[in-house]
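Here the structure is laid out as structure tokens; the discussion comes afterwards.
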Amino acid sequence: MNAHCASVNRRVRESRTKVTHPESRVNHEPYGRHALAGLLVATLGPPVALLGTGAAFALAALVTLAVPDSTARDEDHQPAAEATAETPSGYWRQLRDGFRFVATDPLLRRFLGLILIVNMLDAARSGPLLPLYSTQYLGGAASLGIIVAVFGGCALAGSLLFGFVAHRVHRRSTFVLCLALVALSLLPPALGLGMAWMVGVSVISGLAAGALNPIIGAVRLERVPPAMRARVFGLLTAGSWAGMPIGALLGGTSAQLIGVTGTFAVLFGVYLLAALWPCRGGAWRLMERDGST
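This is the structure we're talking about:
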């Protein structure tokens, strides 16, 4: 009986982990935040948007303090034998295990490199370049807010819509097409086009961006065993974000040297090349469910 109860408790905790782990669900939250932030800036102005953001952080902190901690109670009722069996190893060993797993998986290595490049370019775009372009060519913060809101809202809609057809499409070709369409958002500012072009392309690119996270998340879940997911996903997330500060720095420096439109043109070319990388085949074929095409 005790062994059966321990097994049930373990399965319950595993189910909680699968439900609450950020990679086990379609990652809608960033798109919704972008849309809301852009809407606030466009309608209420930057100062009010910043004030509202600060108030939301304060409210979140108060809610966190008010929520009771159930972890301690669960651990108190956990059988001693099970607690001993599930005691995690040291931090550095877990980090090394995650690094070793990623290093030996050819598809995860490529995903890490691709997302590192794309996030670095996105940081340059959304950090210094898009605000500069909005100020110089589009009339200021309200235009920036509209563009961000349109892109974020369409990305959220695209992610929801993609869920209905995700099981029917060819992953690799869909991923390449959608990433190339996201790169398309860099073309209007590279050509110095106006607000109508920026909004129209943001609709297309946003809808395409919504399919990227579900595909990446599905591939990760299929290739990483449950016992390794926390350390591998943590390493992949940290690695994919590592280039973002560099991207913002290089974007601002490049805008100072060659101008905003010239920098957008460079970003568009690099982004498009990165999007076409999976077309080379090789380990990228492992993206498919059977790993054969």
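Under UniProt numbering, residues 1 to 293 are what the sequence shown spells out, in order.
For each residue, glycine too, the CB sits at the ideal point set by N, CA and C.
If you're wondering where the values come from, they're calculated on a predicted model, not measured in any experiment.
Enclosing alpha helix (DSSP H) for residue i [first to last residue]
i, result
"Cys178", "171-183"
"Trp241", "229-241"
"Pro214", "212-223"
"Gln94", "91-104"
"Thr261", "260-276"
"Ala157", "141-162"
"Val203", "195-209"
"Leu187", "187-191"
"Pro131", "130-133"
Nearest to residue i (by Cα), restricted to the options the options
i, options, result
"Ala141", "Pro47, Ala190, Gly262", "Pro47"
"Met198", "Thr253, Leu130, Glu288, Gly45", "Leu130"
"Ala255", "Ala190, Gly98, Leu51, Arg231", "Ala190"
"Leu286", "Phe101, Asp105, Thr64", "Asp105"
"Val102", "Ala123, Val224, Ala209, Gly206", "Val224"
"Gln94", "Phe268, Val232, Thr253, Ala242", "Val232"
"Met244", "Val266, Gly281, Val118, Gly194", "Val118"
"Ala275", "Thr43, Ser202, Ala196, Phe175", "Phe175"
"Gln136", "Asp97, Ala61, Met195, Gly45", "Met195"
"Arg96", "Ala230, Glu222, Ala265", "Ala230"
"Gly281", "Ser173, Ala180, Leu62, Glu222", "Ser173"
"Ala180", "Leu273, Pro68, Ala55, Gly45", "Leu273"
"Gly192", "Ser143, Leu257, Ala265, Glu222", "Ala265"
Short Cβ contact (9 Å threshold) for residue i with residue j
i, j, result
"Gly251", "Thr263", "yes"
"Glu288", "Arg171", "yes"
"residue 338", "Leu235", "Nothing can be reported for residue 338, as the shown portion of the chain is limited to 1 through 293."
"Ala211", "Ala149", "no"
"Thr261", "Tyr133", "yes"
"Leu114", "Trp277", "yes"
"Leu186", "Arg125", "yes"
"Phe151", "Ser205", "yes"
"Gly158", "Leu207", "yes"
"Thr53", "Gly145", "no"
"Pro188", "Val201", "yes"
"Leu138", "Ile147", "yes"
"Asp227", "Cys178", "Contrary to the premise, residue 227 reads as Ala rather than Asp in this sequence. No. Outside cutoff."
"Gly247", "Gly127", "yes"
"Ala218", "Leu116", "no"
Burial state of residue i, where buried means 16 or more other Cβ atoms lie within 10 Å
i, result
"Trp284", "buried"
"Ala80", "Per-residue confidence for Ala80 stands at a pLDDT of 47, beneath the threshold of 50, marking its modelled position as unreliable; the derived number appears in the next sentence. Burial call: exposed."
"Phe164", "exposed"
"Tyr271", "buried"
"Cys279", "exposed"
"Pro214", "buried"
"Gly269", "exposed"
"Cys154", "buried"
"Phe162", "buried"
"Ser292", "A caution first: Ser292 carries a pLDDT of 47, below 50, which makes its placement in the model unreliable, though a value can still be read off. Flag for Ser292 reads exposed."
"Leu51", "exposed"
"Leu65", "exposed"
"Leu107", "buried"
"Val182", "buried"
"Ala123", "buried"
"Leu267", "buried"
Residue i Cβ short of 8 Å to the ligand ATP heavy atom set
i, result
"Ser126", "Looking for the ligand ATP in the displayed structure turns up nothing, as the structure carries no ligands at all."
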